[in-house]
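Take the sequence shown: its position 105, counting from 1, is numbered 869 in my numbering, and each next residue is one higher.
See below for the structure under consideration.
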Amino acid sequence: MSWEAMTAAPVPPDRVLPVAEHCDVVIIGAGPVGLSLALSLRGSELSVRLVERQSTHDLMDPAYDGREIALSLRTVEILKKLGAWSRIAAEEMSPLCSAKVVDGRWDSVLHFDANAVGEDKLGYFVANNVIRRALYAEHAARSDAVLMAESEMAG
Numbered sequence: 765m766s767w768e769a770m771t772a773a774p775v776p777p778d779r780v781l782p783v784a785e786h787c788d789v790v791i792i793g794a795g796p797v798g799l800s801l802a803l804s805l806r807g808s809e810l811s812v813r814l815v816e817r818q819s820t821h822d823l824m825d826p827a828y829d830g831r832e833i834a835l836s837l838r839t840v841e842i843l844k845k846l847g848a849w850s851r852i853a854a855e856e857m858s859p860l861c862s863a864k865v866v867d868g869r870w871d872s873v874l875h876f877d878a879n880a881v882g883e884d885k886l887g888y889f890v891a892n893n894v895i896r897r898a899l900y901a902e903h904a905a906r907s908d909a910v911l912m913a914e915s916e917m918a919g
């Protein structure tokens, strides 16, 4: 199995990697999950490659996509441990204090309330592109993983 750059030109030899011979872990996709996994593996002495179709520019400054992500306090702790949370400005997050889960087929409502469990918040709302930007910035600054942007798996 190998990966190669997405281009109309012939693939340069330095962009073809026999994965089994050159790395321990291949992560497909440098979205929030892929970048989080790569960051969690730093310092492990594993050889890690991140294969991503998007350009480095798009990863560095992702466009707003309309999605606001509800991050639980546990997820915030993980992002802190990975070093990404400090890269999100206070004005880019909103506290999540209560939530109601409804299903159009049923009359019942599942209600979560931070005050009911003695907390001031359940987590935060953060735009998806802000989370992606923070994780990429942390990766660029401190990750051991090699990012292969504008690339895809082939095999």
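Ideal Cβ placement from N, Cα and C applies to all residues, glycine included.
In this text the structure is predicted, and so the values were computed from the model without any measurement.
Reduced DSSP category for residue i - H, G, I as helix; E, B as strand; rest coil
i, result
"Trp-767", "Bear in mind that a pLDDT of 43 at Trp-767, under 50, signals an unreliable position, so the number given afterwards is only what the model happens to contain. Trp-767: strand per DSSP, three-state reduction."
"Leu-801", "helix"
"Glu-902", "helix"
"Leu-810", "coil"
"Asp-829", "coil"
DSSP beta-bridge partners of residue i
i, result
"Arg-817", "According to DSSP, Arg-817 bridges with nothing at all."
"Met-912", "Val-815"
"Val-790", "Arg-813"
Which listed residue (the options) has its alpha carbon closest to that of residue i
i, options, result
"Ser-811", "Pro-826, His-875 and Ile-791", "Ile-791"
"Ala-913", "Arg-813, Ser-808 and Tyr-828", "Arg-813"
"Tyr-828", "Val-910, Val-890 and Thr-820", "Val-890"
Alpha carbon of residue i to alpha carbon of residue j, nearest angstrom
i, j, result
"Ser-862", "Ala-918", "45 Å"
"Gly-847", "Leu-837", "15 Å"
"Lys-845", "Asn-879", "26 Å"
"Val-789", "Ile-842", "21 Å"
"Thr-771", "Val-815", "Reliability of the predicted coordinates at Thr-771 is poor, the pLDDT of 40 falling under 50, and the value obtained from them is presented with this limitation in mind. Going by the C-alpha atoms only, they are around 15 Å apart."
"Glu-856", "Ala-905", "21 Å"
"Trp-870", "Phe-876", "18 Å"
"Asp-908", "Glu-902", "11 Å"
"Leu-860", "Leu-835", "8 Å"
"Glu-883", "Arg-806", "33 Å"
"Gln-818", "Leu-899", "15 Å"
"Tyr-931", "Pro-796", "No answer is possible for residue 931: the residues shown for the chain start at 765 and end at 919."
"Ser-850", "Gly-868", "38 Å"
"Leu-799", "Lys-864", "30 Å"
"Ala-853", "Glu-832", "15 Å"
"Met-824", "Lys-885", "30 Å"
*Please go through the stretch 831-890 and give each complete alpha helix (DSSP H) segment of 4 or more residues, from N-terminal end onward.*
837-846
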